[in-house]
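Enquirer: Going by full-length UniProt numbering, the letters in the sequence shown line up with residues 1 to 68, in that order.
For every residue, glycine included, the Cβ atom is placed at its ideal position computed from N, Cα and C.
Owing to the predicted nature of the structure, the values given are computational and were not obtained by experimental measurement.
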Amino acid sequence: MLLMIDDILDADEVAKLLKLNEQTVKRLANRGELPGFKIGGRWRFRREAIEEYIRRLEQQQSDQKRDD
């Protein structure tokens, strides 16, 4: 798969996508909860990985609702 430069997001772009504060995005990434990597000390995220993160959260919440 060819990775396009548009497929790489910075913390601000991910924050806007997830409707979170940029610091929250960085904190989640530092904890390993949000999949990302650093380049030059700045967080970067693959769009595909963020989309998978969202799907995983949706599935977890769906599973929790069924268990309640």
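1) Comparing alpha-carbon positions, which option in R46, P35, I54, R42 lies nearest I8?
2) Using a Cβ-Cβ cutoff of less than 7 Å, which residues in the same chain neighbour F37 once the five nearest sequence positions on both sides are dropped?
3) Please report the distance separating the alpha-carbon of E48 from that of N21.
4) The alpha helix (DSSP H) with L17 in it runs from where to where?
5) Rounded to whole angstroms, what is the Cα-Cα separation between A15 and E33?
Expert: Result, derived from the coordinates:
1) R46
2) R44
3) 20 Å
4) Residues 11-18.
5) 14 Å
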